[in-house]
Structure formats: C-alpha cells, structure tokens
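Visitor:
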Amino acid sequence: MIHSLFLINASGDIFLEKHWKSVVSRSVCDYFFEAQERASEAENVPPVISTPHHYLLSVYRHKIFFVAVIQTEVPPLFVIEFLHRVVDTFQDYFGVCSEVMIKDNVVVVYEVLEEMLDNGFPLATESNILKELIKPPTILRTVVNTITGSTNVGDQLPTGQLSVVPWRRTGVKYTNNEAYFDVIEEIDAIIDKSGSTITAEIQGVIDACVKLTGMPDLTLSFMNPRLLDDVSFHPCVRFKRWESERILSFIPPDGNFRLLSYHVSAQNLVAIPVYVKHNINFRDSSSLGRFEITVGPKQTMGKTVEGVMVTSQMPKGVLNMSLTPSQGTHIFDPVTKGSFFSFLSVRFIRSRASGNTASATWKGGDTALFMSLLPIGSVGRTHGTNSGNTIHDMLLRNITGKIRSSCLCSP
740 MIHSLFLINA SGDIFLEKHW KSVVSRSVCD YFFEAQERAS EAENVPPVIS TPHHYLLSVY
800 RHKIFFVAVI QTEVPPLFVI EFLHRVVDTF QDYFGVCSEV MIKDNVVVVY EVLEEMLDNG
860 FPLATESNIL KELIKPPTIL RTVVNTITGS TNVGDQLPTG QLSVVPWRRT GVKYTNNEAY
920 FDVIEEIDAI IDKSGSTITA EIQGVIDACV KLTGMPDLTL SFMNPRLLDD VSFHPCVRFK
980 RWESERILSF IPPDGNFRLL SYHVSAQNLV AIPVYVKHNI NFRDSSSLGR FEITVGPKQT
1040 MGKTVEGVMV TSQMPKGVLN MSLTPSQGTH IFDPVTKGSF FSFLSVRFIR SRASGNTASA
1100 TWKGGDTALF MSLLPIGSVG RTHGTNSGNT IHDMLLRNIT GKIRSSCLCS P
C-alpha cells in the first residue's frame, strides 16, 4: 500500500518523511518537483503522478504538500482520502496544521503516523481511538515527559476499539450535555455583468462537536433532504435508514468530527444570500483601467450575513492598484495579484480598484466571497436519547460559506 510519506513546504523543501516499509529515496520526489514547476499554481499540481517505479499521490492543504509513495496500483481516491484524514488528525491534535507546528511536535507526529498505518495499510484513523493511543501534547505533559523521559503513548488499549462502535470510547461523562453542528458550504457560481446567476452548485460539509455522556443515539432530519446528492457519511451513520427515510441516525464519536459531505447540483435552485455586480473598463489608448465590484445582501429567510471577505484575482498583467472601498479594510498583494476586502457586515458595499496594467486585456478572473450566516436554526433538528434523558433541539450553530463567482464580462 503506502510505502512512504513526504511533507513538502511551499519552498519545495522536504521537512518530514516517514517510511513504513523499505526506505524510499528522496530523489523520487524529483518527479513531483518537475510537475510543481509546470503548474501555474500550487493547487494545479496533478494529484497522481506516475514514475517508472512508483506512483506519487498528493494533496495540498495549509501550504503543505502531503505526498504518498506507492509501488503498486491502488484506488487513488482511497490514498487521497487517507491523506486528508492525516491532515485532519494533525489539526485536531495541534489546533492548526502548519510546518512550524509539525516541527515543534515531530515526536507526536511520528507516533500518530505509526498508529494510523500498519505496514502501509490504514489501521486507526478515528480521532477518539488515536487520542487514547497517543495523548495530545500539552505544556504540562511536555514538561513531565522531559523530566521523566516518558512518551505520549498510552498505557492501555482504547476502550472502544473492540466494540461495535469503535469510533466512540466508553465511559464518557460530561456535566453539561451539548452538541453543535456547523454547516460549511462552497457555492461555485457564474454571475453575469448585471448580477444575475447563470448557474450555481454547492459543495457542503457538516462538522459536529458532540459532548454527551454515555452512549447517545441521535437523529438529524432536514427540511428538504432530496436536494443532497453524492452524500458521504461518517461510519457512525446508519446508511439503511438514510436510504429509506432520508434521516441521519447515528451514535456520534466524542468530540469533533465530520458528519457528512454533500453536493447540491446546478439543476436545483441555489439561493445566493448576496448579489455581486462587477464592471471593468479601460481608458482608450492607455494601460490604465478600473474594476468596480458591488456587493449587497439579499432577503434570504431573514438570515444576517456577517464576516464577509471578498477576494478578486487580477490578471498577471496588473502592475499596481489603488483600492477605495466604501467600508471595511482592503489590501492588494502585488505578488499573487489578489485584492482583498474585509467587512463585518453587508449592507451595501461598493469597491473601486484603479490600476496600471502591462496590456489592456482581460482574460477573466474569479471573485470569491467568504461569509457567515447568523442565526440559523431552520435547516434541521436533532433529537436523541442519552441514558434515559431526552436531548431536544440541538440546532445548527451557524453556517459559514464561500461563494466563488466567475466574472463573465469584457472591457
């Protein structure tokens, strides 16, 4: 299966490697570096690279490439999904997955990777199980380990590893029972010059934070579950009940986990909570131009749009820009050619960007909006039982979203 794992930063340096079978030379990454040089952006590096003797499968997250090396053909999505699980585990352990954090906790990183794979095959990937095997690092535990020479490896096997629900440990107790669900959606939309939506589709996930005593059994229902396509569930979800009733029934893991991911196709009506209008024009016989973008809220079930950030990717020919937003903060990055606007709330925002370009051509670009919708409680309800006590109305905590709109316009 997986022979080796290499972690590569944005500068192309290998700062960590782990081998489960025979040691694979770092020179195998030269094929990856060649593909990285040919790619216009880091996200455009091919996820699967074939070499004479190996296959390189990679994911790019948090400005780090996680490159897995295999020698035989395997389902590529299986390996890619495992790499994403590695990143999520690091983020759960350390709070943030970055090069500095990984280097500061390199011993814990190697211990976790050793438990996640057995001879190159995935073994323990659930966060609850891993945290019982390898204790998360804390300041006190680090000091004690330094003095006593001990490690973060647990003394006992996980209590839930041999049960029918291996994703949840036994003996969980909390003073206050609570559960939170976050809906995170990314809308890919094409918006014309007048602000009308031509097409839009949604990629979404539901992240949960469950802190309940005992062995709770929860159900989560949606107002319109038929809109959800290509649904991917956590192993705790009872799939047969979803197929028959379109209801999520599950015994949740303890702590943070991803309950499901889903897709809403363009055939369904996607209501965008904000409108975006843009206008681009150039002066005659001049390299000077102006890009104007207007963002405003729509009346979408009374939800308040907060924490808005607008990013607009300028062409490579743009040399410099002068930004004048009507509110909020702004910045232009001359290296990435990206302009960024940040606002606490959306009422009516108009931003003008005047710039000097090397040539008066516009090849199109993407405008991305990040936002939160608060409050929210109409998407679904959660009901469950827990040791004889009924848990009602654990509603969705908030919705955070990203809208990426492609501009269809000409100067």
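Residue numbering for the sequence shown follows the working numbering, beginning at 740 and increasing consecutively.
Think of the CB as a built atom: it goes at the ideal place given N, C-alpha and C, for glycine as much as any other residue.
1) Give the DSSP-derived three-state secondary structure of ASN995 in the structure shown.
2) Identify every run of the alpha helix (DSSP H) within the segment 763-838, keeping only runs that are complete inside it and at least 4 residues long; order them along the chain.
3) How should ASN783 be labelled, buried or exposed, when 16 other C-beta atoms within 10 angstroms of its C-beta is the threshold for buried?
4) Would you call THR790 buried or exposed, if buried means 16 or more other Cβ atoms sit within 10 Å of its Cβ?
5) Between which residues of its own chain and PRO785 is the CB-CB distance below 6 Å, once the five residues before and five after are set aside?
6) Relative to the alpha-carbon of THR1106, which residue among LEU816, THR1063, GLU1031 has its alpha-carbon at the smallest distance?
7) Answer with buried or exposed for ASN1020, where buried requires no fewer than 16 other C-beta atoms within 10 angstroms of its C-beta.
8) So what does DSSP say about ASP927, is it helix, strand or coil?
9) Using DSSP with H/G/I as helix, E/B as strand and the rest coil, what is PRO875?
10) Put VAL903 into one of helix, strand or coil per three-state DSSP.
11) Can you give me the Cβ contacts of SER743 inside the same chain, cut-off strictly under 6 Å, excluding the 5 residues immediately before and after it?
12) Per DSSP, LYS932 is paired with what?
13) Is it right to say ASP1072 is buried, meaning 16 or more other beta carbons lie within 10 angstroms of its own, or is it exposed?
14) Alpha carbons only, please: which of ILE990, ASP969, ARG977, LYS932 is nearest the one belonging to TYR1014?
15) Can you tell me which of the three DSSP states VAL1118 falls into?
16) Rounded to a whole number of angstroms, what is the C-alpha to C-alpha distance between GLU820 and ALA863?
17) Which of helix, strand or coil does DSSP assign to VAL1057?
18) Do ILE945 and LEU999 have their CB atoms nearer than 7 Å?
19) Can you name the start and end residues of the beta strand (DSSP E) that GLU1031 belongs to?
20) Is the beta carbon of CYS975 less than 7 Å from the beta carbon of PHE961?
21) Between which two residues does the alpha helix (DSSP H) carrying VAL1074 extend?
22) Buried or exposed for ASP769, please, with buried defined as at least 16 other CB atoms from any protein chain shown within 10 angstroms of its CB.
Guide: Looking at the atomic coordinates:
1) Translated into the one-based positions of the sequence shown, residue 995 becomes position 256. In the structure shown, ASN995 sits in a strand (DSSP, three-state: E or B).
2) 769-777, 815-833
3) By 1-based counting over the sequence shown, the position of residue 783 is 44. Burial call: exposed.
4) For this step, residue 790 is matched to residue 51 along the sequence shown. When all chains shown are included, THR790 counts as exposed.
5) The residue given as residue 785 occupies position 46 in the sequence shown. The answer, listed in chain order, is ALA774.
6) Start at 1 with the first residue of the sequence shown, and residue 1106 comes out as number 367. Nearest option by C-alpha distance: GLU1031.
7) As a working note, residue 1020 is residue 281 in the sequence shown. With fewer than 16 Cβ atoms within 10 Å of its Cβ, ASN1020 is classed as exposed.
8) Translated into the one-based positions of the sequence shown, residue 927 becomes position 188. The three-state secondary structure of ASP927, taken from DSSP, is strand.
9) Counting from 1 along the sequence shown, the entry for residue 875 is found at position 136. PRO875 falls in the coil class under three-state DSSP.
10) For this step, residue 903 is matched to residue 164 along the sequence shown. Correct three-state label for VAL903: coil.
11) Numbered from 1 along the sequence shown, position 4 holds the residue referred to as residue 743. Cβ neighbours of SER743 beyond the five flanking positions: HIS758, VAL763, VAL808.
12) Mapped onto the sequence shown, residue 932 falls at position 193. LYS932 pairs with nothing; no bridge assigned.
13) What you label residue 1072 is simply residue 333 of the sequence shown in a count that begins at 1. Flag for ASP1072 reads exposed.
14) Translated into the one-based positions of the sequence shown, residue 1014 becomes position 275. Residue LYS932 is the option with its Cα nearest to TYR1014.
15) By one-based count along the sequence shown, residue 1118 stands at place 379. Only weak support exists for where VAL1118 lies, its pLDDT of 42 falling under 50; the value from the coordinates is given anyway. VAL1118: coil per DSSP, three-state reduction.
16) On the sequence shown, position 81 is the one that residue 820 refers to. On the sequence shown, position 124 is the one that residue 863 refers to. Taking the straight line joining both Cα atoms gives about 14 Å.
17) Position 318 of the sequence shown, counting from 1, holds the residue named residue 1057. Here VAL1057 sits in strand by DSSP.
18) Locating residue 945 in the sequence shown gives position 206, where the first residue counts as 1. Locating residue 999 in the sequence shown gives position 260, where the first residue counts as 1. Closer than 7 Å, so yes.
19) Counting from one through the sequence shown, the residue named residue 1031 turns up at place 292. Run containing GLU1031: 1027-1036, per the beta strand (DSSP E) assignment.
20) Residue 975 sits at position 236 when you count from the first residue of the sequence shown. Residue 961 sits at position 222 when you count from the first residue of the sequence shown. For CYS975 and PHE961, no; Cβs fall outside 7 Å.
21) Residue 1074 sits at position 335 when you count from the first residue of the sequence shown. No alpha helix (DSSP H) holds VAL1074; DSSP gives it neither H nor E.
22) Locating residue 769 in the sequence shown gives position 30, counting from the first residue. Per the 10 Å Cβ criterion, exposed.
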